[in-house]
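Okay, so here's the structure we're looking at.
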Amino acid sequence: MEKLFNIDLKKIPYSNDKEVEDRKKNLELFLKGGFPNKKNENWKFSDLSLIISKNFKNITNNYDYKFDKKIEPINDFDHNKIILVNGSFKSCDFQFEERGKIKAERLKSFKDFENESKNDLDYLNKALSIGGFNLEVKQNYKCKKPIIIYNYFTTNLNNKIINNSNKIKLSQNSELTLIEYNICEKSKFIKNTYEKISIDKGAILKSIILQKTKNNGYFYKNISGIQDYNSSYQNFILSSGLKFSKIEIDIKLEKEKSSCYILSGINLSKDEHQEIKTQINHLAPNCKSYQKIKNVLENDSVGVYQGKIFVKDIAQKTDAYQLSKALILNDQAEFNAKPELEIYADDVKCSHGSTSGSIDEEAIHYLMTRGIKLIEAKKLLIKGFLNEIFDNVPEEKIRIFLEKSIAEQIDEIR
Amino acid sequence: MKSEELKNQDYKYGFTTEIENFQAPKGLSEKTIRFISEIKKEPKWMLDWRLKAFHRLKVLKEPNWQKPKYPKINYQDLYYYSAPKSMKDKPKSLDEVDPKLIETYNKLGIPLNEQKKLSGVAVDAVFDSVSVATTFKGELDKKGIIFCPISEAIQKHPDLVKKYLGSVIPISDHYFATLNSAVFTDGSFVYIPPNTRCPMELSTYFRINASETGQFERTLIIADKGSYVSYLEGCTAPMRDENQLHAANVELVALDDAEIKYSTVQNWYPGDKDGVGGIYNFVTKRGACRGKNSKISWTQVETGSAITWKYPSCILQGDNSVGEFYSIAITNNHQKADTGTKMIHLGKNTKSKIISKGISAGQADNTYRGLVDIGAKAKNSRNYTQCDSLLMGNKCGAHTVPYIRNKNSSSTVEHEATTSKINEDQLFYCNQRGLNQEEAVSLIVNGFCKEVLQQLPMEFAVEAQKLVSISLEGSVG
Chain U
0 MEKLFNIDLK
10 KIPYSNDKEV
20 EDRKKNLELF
30 LKGGFPNKKN
40 ENWKFSDLSL
50 IISKNFKNIT
60 NNYDYKFDKK
70 IEPINDFDHN
80 KIILVNGSFK
90 SCDFQFEERG
100 KIKAERLKSF
110 KDFENESKND
120 LDYLNKALSI
130 GGFNLEVKQN
140 YKCKKPIIIY
150 NYFTTNLNNK
160 IINNSNKIKL
170 SQNSELTLIE
180 YNICEKSKFI
190 KNTYEKISID
200 KGAILKSIIL
210 QKTKNNGYFY
220 KNISGIQDYN
230 SSYQNFILSS
240 GLKFSKIEID
250 IKLEKEKSSC
260 YILSGINLSK
270 DEHQEIKTQI
280 NHLAPNCKSY
290 QKIKNVLEND
300 SVGVYQGKIF
310 VKDIAQKTDA
320 YQLSKALILN
330 DQAEFNAKPE
340 LEIYADDVKC
350 SHGSTSGSID
360 EEAIHYLMTR
370 GIKLIEAKKL
380 LIKGFLNEIF
390 DNVPEEKIRI
400 FLEKSIAEQI
410 DEIR
Chain F
0 MKSEELKNQD
10 YKYGFTTEIE
20 NFQAPKGLSE
30 KTIRFISEIK
40 KEPKWMLDWR
50 LKAFHRLKVL
60 KEPNWQKPKY
70 PKINYQDLYY
80 YSAPKSMKDK
90 PKSLDEVDPK
100 LIETYNKLGI
110 PLNEQKKLSG
120 VAVDAVFDSV
130 SVATTFKGEL
140 DKKGIIFCPI
150 SEAIQKHPDL
160 VKKYLGSVIP
170 ISDHYFATLN
180 SAVFTDGSFV
190 YIPPNTRCPM
200 ELSTYFRINA
210 SETGQFERTL
220 IIADKGSYVS
230 YLEGCTAPMR
240 DENQLHAANV
250 ELVALDDAEI
260 KYSTVQNWYP
270 GDKDGVGGIY
280 NFVTKRGACR
290 GKNSKISWTQ
300 VETGSAITWK
310 YPSCILQGDN
320 SVGEFYSIAI
330 TNNHQKADTG
340 TKMIHLGKNT
350 KSKIISKGIS
360 AGQADNTYRG
370 LVDIGAKAKN
380 SRNYTQCDSL
390 LMGNKCGAHT
400 VPYIRNKNSS
410 STVEHEATTS
420 KINEDQLFYC
430 NQRGLNQEEA
440 VSLIVNGFCK
450 EVLQQLPMEF
460 AVEAQKLVSI
470 SLEGSVG
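Chains as they are written, first to last, in numbering that gives the first Met the number 0: chain U, 0 to 413; chain F, 0 to 476.
What follows is the structure in structure tokens.
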């Protein structure tokens, strides 16, 4: 049998000896455990080890590539750009912003990421990370236009693994909307990303994750965030289209009045497996968190939501809410949820809800009696089901763009 | 109940009965198992079954994923069999039972003699490891209902026992279930023949008395086609400053159109205010709705034990079968509970309902952990889950860990959970009307639990309501 891995640490660009030593150690740690399987409680519903071994062999980390593709920017609204190719930083363009207020560069130092390994994929990331971007918004600066991160992937990535890490810092009272836009070719590859976010006092970060088209990517993204007083983090996950995706979000609401929103609308079709795992840690009083996860499941797709709200004993007056809803359109599809609460403070308002079921037959009947065809009626209801998520996007142009791209996905439903 | 009264109501079942005991040698070994089997005069198949479990136990590991952690149990330092000496030759009727034992049960509020005269409940009392007395035998016999200690059933109804024992909880299920299969000493056996409605509530009362003893009872209830039975279980133990292990197995089997209602009021000794002593209640309860249109309903009021760790579950195999789980778990002082249910939907049109109310006070930790699994073939199935937690004070914890799996498009799963404290407005309203703080809390908590309490049979409902108040005593203010 062919080996699953064929990893060469020498192929990582810009590494010095000390770093190589560290990377070796982390690689060994990873290889000991391998990809996580369902025996691991965090991966109970997504057996990555099985999924990888079924679809990949001889995984390499060869980063040689040529990138000569012309960038086709989104024309729907004005925006700044950061361009990543195969996970590494290529260029940026902040034409709409004041000079010196936003800084973006290739992430060089991984120092801050030390001692945070929670699972084997973090070891793998530390061993092989090639550095993504390091983005900082300066104090009191509110970005005028959103930044789109064009995440390009080249054609020759079959059986390759890409590891990168990003760092985002919003200084006091700053504001930013960030859109991660993944543009993949047809090749089948794995991507493992670690992202560290810090949002200082009074700052607001809005983040949107989106795929351009359906592709063969197997993505894992680990987001770890710290929020200061009165800061806000709003995360929209709309990343339908990957073969496998797991987004793990760990947010620490460290100071009072900080708030965190996670909203997701995903429709999955044949062979797709997507998981969202969140842990919101309420560590200070008067914080708010809100999660709403919506899944539409077709064919043999699997949707997973594991959400945890942790409320520390001093975090009184916490307001935390968690909701997951799934529409199951096919008997082969599957939805798994584990909405968890761990609460040590008594004066809190915490609730969660989870529902899964089929599309409302009565609603379909109603629409059909009005002359709408069955398939159209279904699409209409699915659109309605998912659109609720975008209602929370304040900028109209972005909202229309998102609705348009989701509508295209839904139109593919047969 | 007045608050003065409340204050005097510590754990009132904490007395010990000075009674001579006959015990198996300490420790878990093949010898102990052979000893238990021999003393019960068991047939060979039963001994083989136990030994099979024992061998399996050697390769199993104690699970450790639960929330409440406990110090390692030394299984070699326990007695696995303890019986009142006077029971060595089994008494034929109540009159022959040691008067001290009868007195104990009277103290507990289970007057076996009176029960015989009053209509209502048939009682099987289990003291430490053996069944002491069963009332109402004659009347049940007439209907063909078998209600006897399981050790007696092994002798008299081997076919039934062979067929069903271990069919819901297999020998190799998990550590504590396997341990129970190897060393179980007694318990109740119920068989309801086809198309029979059991005319009275069947009840078992469990009492741990001896120290350094683990209690391992096994209950098996079979409701044949079209039958109905309601079964009650109550438990108490003396106050001791050591932790005692209670690892029971309960298996329910409901065939076509049968219904089993299983109610528990668990009031094992919870340990003192500083968390010293108390029972480790690690129980495996599982019911199988084998037949079409069958129904199993679990109701539990968990107020005792230092650690409660159990998940009464339903396997809904038959089409149109129904599983229900109603639970109140109250933890105070240093008590810990990790409890919930599993609803495994396999048949078509199966329905399940879970209502769980958790209340934590003091430094206690209360976890609801549950699984709703709807299989691909369980078309048109439904589940509704509601778990509410109430927190009193900021030193306690309330946690919810539901697992939800839905594998087909025609089934609906709904889950809701809330966590909150007692509403200040409600308290104020009650205070205004002359109720003091404790009375008000007791009233509100009883209201919070009402949905579950009303599922209990009359005899238990009153007791449970009182228990709810007593368990929370001193937690306000």
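All C-beta atoms in this analysis are idealised placements derived from N, C-alpha and C, irrespective of residue type, glycine included.
How many Å lie between residue i and residue j at the Cα?
i	j	result
U:Lys211	U:Ile308	31 Å
F:Glu3	F:Ser150	With a pLDDT of 37 at F:Glu3, under the threshold of 50, the modelled position of this residue cannot be trusted; read the value that follows with caution. Cα to Cα, F:Glu3 sits roughly 45 Å from F:Ser150.
U:Leu262	U:Ser223	17 Å
U:Val392	U:Pro145	13 Å
F:Ser388	F:Asn422	13 Å
F:Ala257	F:Phe53	33 Å
F:Val282	F:Thr298	15 Å
F:Pro192	F:Ala222	7 Å
F:Lys43	F:Gly225	33 Å
U:Glu247	U:Ile207	15 Å
U:Glu394	U:Asp77	12 Å
U:Ile82	U:Ile409	28 Å
F:Met0	F:Tyr367	Interpretation of F:Met0 is limited by its pLDDT of 35, a score under 50 that renders its predicted location unreliable; no figure is taken from the coordinates.
U:Leu3	U:Tyr122	17 Å
U:Phe384	U:Asp359	11 Å
F:Arg49	F:Trp267	27 Å
U:Ser257	U:Ser231	6 Å
F:Lys115	F:Glu138	Annotation note: pLDDT 47 at F:Lys115 (below 50); position unreliable, coordinate value reported separately. Near 11 Å, if we compare the C-alpha coordinates of F:Glu138 and F:Lys115.
Would you call residue i buried or exposed, if buried means 16 or more other Cβ atoms sit within 10 Å of its Cβ?
i	result
U:Asn160	The sequence shown places Ile at residue 160 of chain U, not Asn. It is buried - the Cβ of U:Ile160 has at least 16 other Cβ atoms within 10 Å.
F:Ile35	buried
U:Gln321	buried
F:Leu254	buried
F:Arg289	buried
F:Ser118	Note that F:Ser118 scores 38 on pLDDT, short of 50, meaning its location in the model is unreliable; the coordinates nonetheless yield the value given after this. Burial call: exposed.
So with Cβ pairs under 8 Å, would you call residue i a contact of chain U?
i	result
F:Ser351	no
F:Lys406	yes
F:Lys478	In the structure as shown, chain F begins at 0 and stops at 476. Residue 478 of chain F is therefore absent and cannot be evaluated.
F:Gly396	yes
F:Thr330	no
F:Pro401	yes
Taking only beta-carbon atoms, is residue i less than 8 Å away from chain F?
i	result
U:His281	no
U:Phe334	yes
U:Asn298	no
U:Ser197	no
U:Glu339	yes
U:Thr277	no
U:Lys291	no
U:Lys348	yes
U:Ala344	yes
U:Ile327	yes
In the structure shown, what three-state DSSP assignment does residue i receive?
i	result
F:Met199	coil
F:Tyr268	coil
F:Val275	coil
F:Arg381	strand
U:Gly32	helix
F:Asn405	strand
U:Lys378	helix
U:Lys10	helix
F:Ala176	helix
U:Thr368	helix
U:Asp199	coil
U:Phe389	helix
F:Asn430	helix
U:Asn335	strand
F:Pro148	strand
U:His78	coil
Please report the Cβ distance between residue i and residue j, rounded to the nearest whole angstrom; I am assuming they are in contact, meaning their Cβ atoms lie under 8 Å.
i	j	result
U:Lys200	U:Asn229	6 Å
F:Gln243	F:Tyr279	7 Å
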